[in-house]
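Since the structure comes first, as structure tokens, the remarks are kept for the end.
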Amino acid sequence: MSFLSIFRKSNSVSVIQLNGVISPNMGRRKGLNLQELEKSIEQAFTGSNIKAVALQINSPGGSPVQSEMIALRIRELSEKKNIPVLAFVEDVAASGGYWLACAADEIFASKASIIGSIGVVSSGFGFNKAIEKLGIDRRLYTSGDNKAILDPFLPENKDDIKRLKNIQKELHLQFIGFVKSRRGDKIKDENKEVFTGAFWSGESGIELGLIDAFGEMKKVLKTRFITMSKITEKFEDYFAKKMGSKYAVMTNSGSSANLLALSCLTHPFNKEKLSSKDEVIIPAICWSTSLWPIIQNNLKPVFVDVELETFNIDIKSIEKKITKKTKAIMLVHVLGTSANMTKLLKIAKKYKLDLIEDTCESLGAKYNNKKLGTIGRFGTYSFYYSHQITSGEGGMIAVSYTHLTLPTTPYV
Ligand SMILES: Cc1ncc(COP(=O)(O)O)c(C=O)c1O
């Protein structure tokens, strides 16, 4: 188990599948509705390491009421638990399907997905002429003048149509309101078409701001949420064993590893923490980010010249630069070489100086059979692509002995 495993529990992303026509349950026929989804929505937001909830959507729409209820439930939990929601549209998120997608903070789709259809539709047939031809009488008795509006067996009635259109308008405005509240300025509707009920491919949908990006669920989630996963811990353990250090903690770069090392020296949990303006010795030939972490931590860099043969710190010149305020040496092992570490350690011991080894250019190099980076308190490494091994960007800090009293709760 790695040094930081207490801080790093593996991340999870829950997936809610929203497939099919959105409708209430009709007898034994189950639709896509809140009653069916309630449990899985609840579960998706439950757990301490849920980093996001993904909606996998394949729906041509259906009931506006169910669309609204599902979307609102997702929003409620997302906001309550502060968990972001990402929607992944597969074949189609149209009409109510797009309503569901808007419950997400970001919408991904394929270029060929069908998106949009922000409108309301009601359709049916009129059978009045057919039953007339067949000699059938329609016998309808109601109490209440409007009880049987839109009867398919009676001729169309203007007032009925007006009433239906008004209801459709209200639903349409509710739909538009939700889309606008979720997508805001992202919607680019120069031709005033987005809210006409038209639908588009993912490719046009991105231009109109109906979706945010193209992307397939697994791929997007892996790139977003894979960092600091089990594989990183495995690498840290392997690295520490291989180098012979007590722990190893991966960082996003060698520069960050240097910053982390210096920040540990000034950290409040460090009983012997360095104070502002304490001095840190550093060779005159170094990397900008060997130097800057000293300044960033409010410490004072003191330069010592280098040996011309190896460009490593000139041991003979170190003691001349030591004062009462000198507390550490930030060594830089140049291009696979090092200074005389036996002599250097003697000086560090004599003056009680902490030793950090910037080993970003020298992974795997040894001094007297000990790997560089494991001689001092911290060794830092870079996995930038031009170095001995690479993870594209990346770095590592190897810890040979720790001086931090770790808190019981994570502290960042
Ligand atoms: C000595 C030294 N320290 C630190 C770094 C910074 O490493 P990174 O590029 O991973 O931030 C480099 C990079 O080449 C380096 O040579």
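Take the sequence shown: its letters are residues 13 to 424, numbered as in the working numbering. Note that beta-carbon positions come from the ideal geometry of N, C-alpha and C, so glycine has one too.
Mind checking whether the beta-carbon of residue i lies closer than 7 Å to any heavy atom of ligand 1?
{"i": "V292", "result": "no"}
{"i": "N270", "result": "yes"}
{"i": "W304", "result": "no"}
{"i": "Y396", "result": "yes"}
{"i": "E369", "result": "no"}
{"i": "V344", "result": "yes"}
{"i": "S265", "result": "yes"}
{"i": "G407", "result": "yes"}
{"i": "T301", "result": "yes"}
{"i": "C372", "result": "yes"}
May I ask you to list the residues that DSSP assigns as paired with residue i?
{"i": "G74", "result": "I34"}
{"i": "S26", "result": "V65"}
{"i": "S213", "result": "I126"}
{"i": "F407", "result": "Reading the sequence as shown, one finds Gly at residue 407 and not Phe. T263, S394, per the DSSP bridge assignment."}
{"i": "Y379", "result": "K382"}
{"i": "F100", "result": "Q68, F120"}
{"i": "A225", "result": "F120"}
{"i": "V292", "result": "P313, A340"}
{"i": "A105", "result": "S71, I127"}
Determine the extent of the beta strand (DSSP E) in which residue i is found, giving its start and end residues.
{"i": "Y393", "result": "390-394"}
{"i": "F315", "result": "312-316"}
Quick check on residue i: does DSSP put it in helix, strand or coil?
{"i": "P419", "result": "A caution first: P419 carries a pLDDT of 41, below 50, which makes its placement in the model unreliable, though a value can still be read off. It is coil, neither helix nor strand."}
{"i": "K285", "result": "coil"}
{"i": "Y153", "result": "coil"}
{"i": "K200", "result": "coil"}
{"i": "D366", "result": "strand"}
{"i": "V346", "result": "coil"}
{"i": "V424", "result": "Low confidence applies to V424: its pLDDT is 29, below 50, so where it sits in the model is not reliable enough to give any reading."}
{"i": "I82", "result": "helix"}
{"i": "R41", "result": "strand"}
{"i": "S300", "result": "helix"}
{"i": "I387", "result": "coil"}
{"i": "I325", "result": "strand"}
Between the Cα of residue i and those of the options, spot the shortest distance and give me the residue it belongs to.
{"i": "G214", "options": "K364, A121, Y413", "result": "A121"}
{"i": "H184", "options": "K200, A210, A56", "result": "A210"}
{"i": "D317", "options": "W299, K254, P295", "result": "P295"}
{"i": "S394", "options": "I179, A340, S265", "result": "S265"}
{"i": "S1", "options": "P164, S24, L44", "result": "Here the chain covers residues 13 to 424 and nothing more, so residue 1 does not appear."}
{"i": "F226", "options": "K336, L303, D103, I188", "result": "D103"}
{"i": "S398", "options": "L375, I325, F390, L176", "result": "L375"}
{"i": "V77", "options": "L98, V65, N45, M229", "result": "N45"}
{"i": "L271", "options": "W111, F251, K123, W304", "result": "W304"}
Can you give me the start and stop residues for the alpha helix (DSSP H) that residue i sits inside?
{"i": "E182", "result": "170-195"}
{"i": "K143", "result": "It should be noted that the sequence gives Ile, not Lys, for residue 143. Element bounds for I143: 140-145."}
{"i": "Q400", "result": "It is not in any alpha helix (DSSP H) - Q400 carries neither H nor E in the DSSP assignment."}
{"i": "K159", "result": "Taken as a continuous stretch (DSSP letters only), K159 belongs to no alpha helix (DSSP H), as it is neither H nor E."}
With hydrogens ignored, establish whether the beta-carbon of residue i is closer than 7 Å to any heavy atom of ligand 2.
{"i": "C114", "result": "Because ligand 2 does not appear in the structure shown, any question about it cannot be addressed here, the ligands present being ligand 1."}
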